[in-house]
Amino acid sequence: MKDLPKQMLYVNDVFSNARDLGLIQVKAQQDEQSSRKISIDGKSYISFMSNNYLAFENDERVKEAAIEGIRKYGMQTSISRMYMSFDHYLELEDKLEKIFGLPTFLASSTTLGHFAYLPVIIGRNDAVIMDQFVHESVQLAVSTLKADGYHVEMVKHSQMDMLERRIKMLSEKYDNIWYMADSVYSMHGDTAPMKDIETLLNTYDKFKAYIDDAHGMSWIGEHGKGYALHNIPRHEKMYVITSLNKGFGAFSSALVFPNKLTKQTVYNCGGALRFSAPTLHAGITAASCIADIHLSEEIYERQMRLNELITVFKQKAKELDLPVINYAHTPQFFLGLGSVELLIRFSQFLMSKDFLLSPSTVPAVPVKHSGFRISLSLYQTVNDVKNLLDLLAEYIEVLEKEGSFNKEQVLKGFKMSDKQRQLV
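Going by the working numbering, 379 is the number at position 397 of the sequence shown; the sequence numbering is gapless.
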């Protein structure tokens, strides 16, 4: 193996230490007494780690649908869909088109979808602008375009004034200007300014947007169509991709197109789709079952229950003055701690109190922006949320008294105003 560069060595050391302390890379089991808990070494924990926001993955109907898919079709059929598609793939796409109100095609993963989608829709004389925090899978796909000589640059996170300046400048030279963004950013849970993006789409003929709606799916919008399409239901210059894993709770991804011509062109020319096997049959039949729920009134009941948890979290965290980095109304929050050492201490404390959170540090975030990603889902109760926040507040108070933690200093390190944090 090659000698690791300095940054990778540091990441390896941090992760190895956390693993040795039993904080990551642990062997877990589904708790036998409760599907909402996780068991590690025989001890049960309440998890705030899952991105399956609406708790579909353990729904008995979904599991039965997955089993039926295996019974009927087997585990997989290793034939590219370029040549043939079984009926259940086409049925799922029909249901998804009813959910989104737009032409839709399946890819076996969101990452694979980027690699199929982007090289087809972005022209040789187009420019690509990525948001600073757009998901790494998008950045990876764009990097192949950059390596092929395409113009690629990055703008500060959600800075629409900076984006607009670059649109004006680049329009003088390039045919189209593409903006790559997440609808809901996976780390801090903040949202893209969709209405501002829509204004730019309507103002500049050459401007187009590619939105990764992976963390916006299911928990918001008519039929759970997701955050992006909830805010901009249809725009001829907006291209959307979403995950059927996270909020949707199954497997695969959906490429959502502004028109049928683009769908057929990506289907024909997206090499990553042409030369890969389709999603496993169980994933498709499970997703089809979940799509039926999205097209029923039940989706709104689930959205309402999750909305209650989000509201409780925001109100309680504000009351306790916790260093939550962003208060956007999404099921994803980030508790800023500032250092790896504090992150480890907090992790050990929370595990001793039977809670699991997602520790986040380099390379996902800068080392001084270490903290916890807190994911809300229907596996939790209102009391779970309140108890977690009370524990965090109590431990922060202990550390502040001993001089080990400075809340104001942590927030200052993120360089965000109260308005940016959506405190006001």
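Idealized CB from N, CA, C, for every residue including glycine.
In this text, all values refer to a predicted model and were calculated from it rather than measured experimentally.
Nonlocal neighbours in the same chain, by C-beta distance under 6 Å from residue i, ignoring five residues either side
i: E218; result: P240
i: S165; result: A174, I193, D195, G198, Y209 and A210
i: A259; result: S60
i: L84; result: V238
DSSP state of residue i mapped onto helix, strand, coil
i: R216; result: coil
i: K190; result: strand
i: L237; result: strand
i: D178; result: helix
i: F316; result: strand
i: F87; result: strand
i: K157; result: At residue 157 the sequence reads Asp, which differs from the Lys that was named. Coil.
i: V347; result: coil
i: G353; result: strand
i: A109; result: strand
i: T93; result: helix
i: S270; result: helix
i: T173; result: strand
i: G395; result: helix
i: D2; result: helix
i: N227; result: coil
i: F36; result: Here residue 36 turns out to be Leu, not Phe, going by the sequence shown. Reduced to three states, the DSSP call for L36 is coil.
i: A210; result: helix
i: R327; result: helix
i: S62; result: coil
i: L405; result: coil
i: P260; result: coil
i: A232; result: coil
i: Q121; result: helix
DSSP beta-bridge partners of residue i
i: D164; result: D194
i: G131; result: DSSP output for G131 lists no bridge partner at all.
i: Y221; result: Y192
i: A10; result: I22
i: M136; result: M112
i: S340; result: R355
i: I28; result: K19 and F337
i: V306; result: L317
Same chain, Cβ closer than 7 Å to residue i, neighbours up to 5 away in sequence not counted
i: L277; result: K77, K80, I81 and H205
i: A48; result: A264, T267 and A268
i: K245; result: P85, F87 and F239
Beta-carbon contacts of residue i that lie in its chain and below 8 Å, excluding the five residues immediately before and after
i: V248; result: F87, A98, Y99, V102, I103, L237, F239 and L255
i: G105; result: D157 and N158
i: F(-3); result: I6 and Q7
i: K25; result: D336
Beta-carbon proximity of residue i to residue j, cut-off 7 Å
i: L183; j: R287; result: no
i: L116; j: C271; result: In the sequence as displayed, the identity of residue 116 is Val instead of Leu. No. Outside cutoff.
i: Y282; j: F331; result: no
i: I111; j: R148; result: yes
i: R284; j: L36; result: yes
i: T312; j: S225; result: no
i: H170; j: I307; result: yes
i: G353; j: S340; result: no
i: V(-7); j: V344; result: yes
i: L145; j: A109; result: no
i: K138; j: Q114; result: yes
i: S357; j: S32; result: yes
i: L291; j: V367; result: yes
i: G395; j: G320; result: yes
i: V349; j: V294; result: no
i: V222; j: G318; result: no
i: M176; j: I214; result: yes
i: T261; j: F233; result: yes
i: R216; j: Y309; result: no
Any non-hydrogen atom of the ligand NAP within 6 Å of residue i CB
i: T185; result: As presented, the structure is devoid of all ligands, the ligand NAP included, so that no description of it is given.
### Query
With a cut-off of 8 Å, do at least 3 Cβ pairs link the stretch 85 to 99 to the stretch 225 to 243?
Because the criterion of three Cβ pairs below 8 Å is met, the stretch 85 to 99 and the stretch 225 to 243 touch.
### Query
Touch check for the stretch 293 to 310 and the stretch 184 to 198: three-plus C-beta pairs under 8 Å?
Cβ pair count under 8 Å is below three, so no.
### Task
Tell me, please, whether the stretch 335 to 347 touches the stretch 16 to 27 by the rule of three or more beta-carbon pairs shorter than 8 Å.
The answer is yes - the stretch 16 to 27 touches the stretch 335 to 347, with three or more Cβ pairs under 8 Å.
### Task
Count the CB pairs spanning the stretch 378 to 385 and the stretch 53 to 67 that are closer than 8 Å, and state whether there are at least three.
Judged by Cβ distances under 8 Å, the stretch 378 to 385 makes no contact with the stretch 53 to 67, as fewer than three pairs qualify.
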